[in-house]
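**Student:** First the structure, which I've put down as structure tokens, then a few questions once you've had a look.
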Amino acid sequence: MKGVTLDDVRQIAIELPRTTEHLMRGDVTKFKVKQLVYAAVGPTEEVMGVAFPKLERAAMVESEPQKFTMPSQGDLRYNWIHVYMAEIDEAELRELVVEGWRMCVPKFISALVP
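Per my numbering, residue 128 is the first one in the sequence shown, and the count goes up by one each step.
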């Protein structure tokens, strides 16, 4: 079934070592490892930002534009991509969140999660 929610993101993220959840500016939920944000969901839960390799981003957006979009101009310098939450399923969400988290933790911590 397509479509995921903030609660789905939270269920995955809270299982990942060193993750903390923060409510920013009163309406954006961010999941972090120390100061590094690896996933963020806005108040409408329409789009999720997630850590993603910059060099692979354009190809991902081009291959599945119904699911992915480029981040805002100001965020292009970061390893970040936007995902339409209504267009992905829970398996895709898990892969995106876990791989984003892996970009923020040391390899020995990453190895703890299959």
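Note that the Cβ used here is the ideal one computed from N, Cα and C, for glycine as well.
Only a predicted model underlies this, so the values are computations on that prediction, with no experimental measurement involved.
Going by alpha carbons, who is nearest to P233 out of L203, M151, L163?
**Tutor:** L163
**Student:** From M151, P144, L239, P170, pick the residue whose C-alpha is nearest to that of L212; which is it?
**Tutor:** Per the sequence shown, residue 212 should be read as Met rather than Leu. M212 has its Cα closest to that of P170, out of M151, P144, L239, P170.
**Student:** Can you look up G130 in the DSSP assignment and give me helix, strand or coil?
**Tutor:** coil
**Student:** When DSSP builds the beta bridges, which residues end up paired with K159?
**Tutor:** According to DSSP, which records beta bridges pairwise, K159 is partnered with T147, V164.
**Student:** Does DSSP put G153 in a helix, in a strand, or in coil?
**Tutor:** coil
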